[in-house]
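Structure first, then comments.
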Amino acid sequence: MSPVGSLRIFLPLALLAAGLSAGAAGCSGAGDGSIAVQLVYPSPTGGAAAAAASPASVRAASYPLDNTNRIRIRVLAPHFAPIEKWFLRSDGRGEIGGIPPGTRITVEVDEYDNTAIPSGSAVIAAPLLGRGWFNGITLSPGEVKTVPVAMYAKGTIVTVCGAPASGGSGTSGDNTVDGILAVEAYLGNPTAVKAGPDDSIYVSSSAFRKVKRIDRYGYLSHVAGNGTHGAIVPGTPAASAPIGAVQDIDLDPAGNLYLFNDWNQIVRIDNGVVSFVEPAIGTYDSTARFNLAVVNVDILYFVNYLDPRVYRMIDTSKSNFVTDNTPYQTVEPIDRFFYPLRAPSSIAYASPPLNDSLIFADTDNDRIMRISLLDGNIYYLVADAGGARFSDGIDPLAMAPLKPRVVDYNPITGKIFFVEGSSNRVLYIDAPGKVRLLAGTGANTFSGDGGPATLAGLSDPRAITVDSRGNAYIADYGNHAVRMVVGGALP
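The sequence shown runs 6 to 496 under the working numbering.
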């Protein structure tokens, strides 16, 4: 029998004379390969660099490399269960055994700032310092392979979908075929992103009228849309359905996918098949902005920028949920049937700790509001008509947001993300209740990959989503790219 395969980590510190001897973290077998992981620290670039950067442009890490830091290495692939193990940076070297050979292997590395995590524990108690990954590894039986894992400090922005072009941004041409790495794909004007329960990322390419899926291993596949709009027939494969350009994406707890297209149609997809279309015949409006919030398989809410309403749909029955009847009410608690709503452009469902609420962008009133689904009333969230514009740390009730048009809620951390009009910035409300900057300088450009997200250039960000690891993803519409802020939703 051949020796057990292993994964080795070589840390950029003085190596110990004797390496750490570690047992296998998975079922090993004859012919297992080995992967040596080298941690590198890439320099920021103005272009859309691939996430796994070359070690040729290394620099000092932008976070402390203390010997007490704990490092978790995880090896993932479609053909085996995740293999992971914890190390101390002071160990200098560690091994994980039992890596079955094959393709589409990914290595993920997380580094935390102290030893508060018990050895072998899966509970993360310490703050994240840095994170890195390397996708697209192919391992032959018995092969030993070294891969450089680029480590990025928490809060770093990187492009995860959208191939680089001469201008540095993504490209509007469609080369997307199943099975290519997402960083190699062209992405035309993404309008929506949504994280799935398996940490896959769904993204809508409005220019190509298709919805794609980036899996946990970094590969792209086609989910819905054939590039045109026509009769959408329940029972047909979503990948060949003429769904048109999709403006928003959501999922229900059962994993069904919901698409809101620019023909004012909501399409539900169950296991790759169209299962629901409402209305059957849509009406196109190029100036409309459609957005939805799915609560469960029976209930969803949606808005249309051109219509001063929040609608509720129970099964196939649509009704008004928020209306602008007179006399208007503006003092909390506000009756939802008498609220002067103007141009709602985005809505999100907020589970606890916001106590079962809806958050919506009341764009032309320069407000972000909350509807309690417990008492049915409306409350101010980010709204002060006479208040100040954004400054880091401002109280949301003292801020006057300018034409907010994107909102999203992360149930893991409770953070609320939003975008003001044409600000080219993404803001959020943190746990203490203050407004902070997540990404963007305000300049309409592409810049900053590999550096702090707060110093990066964005171009018309249209949507935000967060995966289970706390990474925040931005649909960078004008740059034809999905940008990820490493650990952007974490405390």
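Just so it is clear, CB atoms sit at the ideal spot from N, CA and C, and this is done for glycine as well.
On a predicted model such as this, the values are computed, not experimentally measured, just so you know.
{"Query": "In or out: residue 233 buried (at least 16 other Cβ within 10 Å) or exposed?", "Result": "exposed"}
{"Query": "Around the Cβ of residue 394, are there at least 16 other Cβ atoms within 10 angstroms (buried) or fewer (exposed)?", "Result": "exposed"}
{"Query": "When you compare the CB positions of residue 310 and residue 297, do they come within less than 8 Å of one another, or not?", "Result": "no"}
{"Query": "Less than 8 Å between the CB atoms is what I'm expecting for residue 347 and residue 369, so what's the real figure, rounded?", "Result": "4 Å"}
{"Query": "Count Cβ pairs between the stretch 142-155 and the stretch 442-452 that sit closer than 8 Å; are there 3 or more?", "Result": "no"}
{"Query": "Under three-state DSSP, which class holds residue 112?", "Result": "strand"}
{"Query": "Based on DSSP bridge pairs, tell me the residues matched to residue 296.", "Result": "308"}
{"Query": "Express the C-alpha separation of residue 273 and residue 280 in angstroms, rounding to a whole number.", "Result": "6 Å"}
{"Query": "What does a CB cutoff of less than 7 Å around residue 447 pick up in its chain, not counting 5 residues either side in sequence?", "Result": "428, 429, 430"}
{"Query": "With respect to the beta strand (DSSP E) encompassing residue 471, which residues constitute its N-terminal and C-terminal limits?", "Result": "466-471"}
{"Query": "Please work out which residues of its chain come closer than 6 Å, Cβ to Cβ, to residue 496, disregarding the five sequence neighbours upstream and downstream, and give them in chain order.", "Result": "none"}
{"Query": "If we ignore side chains and look at the alpha-carbon of each, how far apart do residue 267 and residue 200 end up?", "Result": "21 Å"}
{"Query": "Could you round the C-beta distance between residue 165 and residue 137 to whole angstroms and report it? I think they count as a contact, below 8 Å.", "Result": "With a Cβ gap of about 13 Å, residue 165 and residue 137 do not count as contacting."}
{"Query": "Using a 10 Å radius around the Cβ and a threshold of 16 neighbouring Cβ atoms, would you call residue 484 buried or exposed?", "Result": "buried"}
{"Query": "Of the choices 262, 211, 261, whose alpha-carbon is the least far from that of residue 250?", "Result": "211"}
{"Query": "May I have the straight-line CA-CA distance separating residue 222 from residue 153, to the nearest angstrom?", "Result": "16 Å"}
{"Query": "Tell me, which residues are paired with residue 283 by DSSP?", "Result": "271"}
{"Query": "For residue 460, count the other beta carbons within 10 Å of its own beta carbon; 16 or more makes it buried, fewer makes it exposed. Which is it?", "Result": "exposed"}
{"Query": "Using the DSSP secondary-structure output, state which residues sit across from residue 89 in a beta bridge.", "Result": "79"}
{"Query": "Since residue 213 sits in a beta bridge, which residues does DSSP pair it with?", "Result": "Note: residue 213 sits in no beta bridge, so no partner."}
{"Query": "Would you check if the distance between the CB atom of residue 337 and the CB atom of residue 384 is smaller than 8 Å?", "Result": "yes"}
{"Query": "Helix, strand or coil for residue 160, going by three-state DSSP, please let me know.", "Result": "coil"}
{"Query": "With DSSP as the reference, label residue 480 as helix, strand or coil.", "Result": "strand"}
{"Query": "What does a CB cutoff of less than 7 Å around residue 497 pick up in its chain, not counting 5 residues either side in sequence?", "Result": "Absent from the structure is residue 497, since the part of the chain shown begins at 6 and ends at 496."}
{"Query": "Considering only the alpha carbon of each residue, which of 264, 95, 163, 77 lies closest to residue 452?", "Result": "163"}
{"Query": "Which stretch, first to last residue, makes up the beta strand (DSSP E) that contains residue 248?", "Result": "Counting along the chain, residue 248 falls outside any beta strand (DSSP E), and DSSP gives it neither H nor E."}
{"Query": "Count the other CB atoms, across all protein chains shown, that sit within 10 Å of the CB of residue 289; report buried if there are 16 or more and exposed otherwise.", "Result": "exposed"}
{"Query": "Assuming residue 81 and residue 111 are in contact, meaning their beta carbons sit under 8 Å apart, how far apart are those beta carbons, in whole angstroms?", "Result": "5 Å"}
{"Query": "What separation, rounded to the nearest whole angstrom, lies between the Cα atoms of residue 117 and residue 493?", "Result": "15 Å"}
{"Query": "Pull up the DSSP beta-bridge partners for residue 434, would you.", "Result": "421, 440"}
{"Query": "So what does residue 343 bridge to, in DSSP terms?", "Result": "329"}
{"Query": "Residue 326: which of 490, 343, 243 sits nearest, CA to CA?", "Result": "343"}
{"Query": "State the start and end residues of the unbroken beta strand (DSSP E) segment that holds residue 227.", "Result": "225-229"}
{"Query": "In the DSSP assignment, find the beta strand (DSSP E) that holds residue 362 and state where it starts and stops.", "Result": "362-367"}
{"Query": "The beta strand (DSSP E) spanning residue 133 covers which residue range?", "Result": "133-144"}
{"Query": "Measure from the alpha carbon of residue 97 to the alpha carbon of each residue in 87, 46, 42, 141, then state which is nearest.", "Result": "42"}
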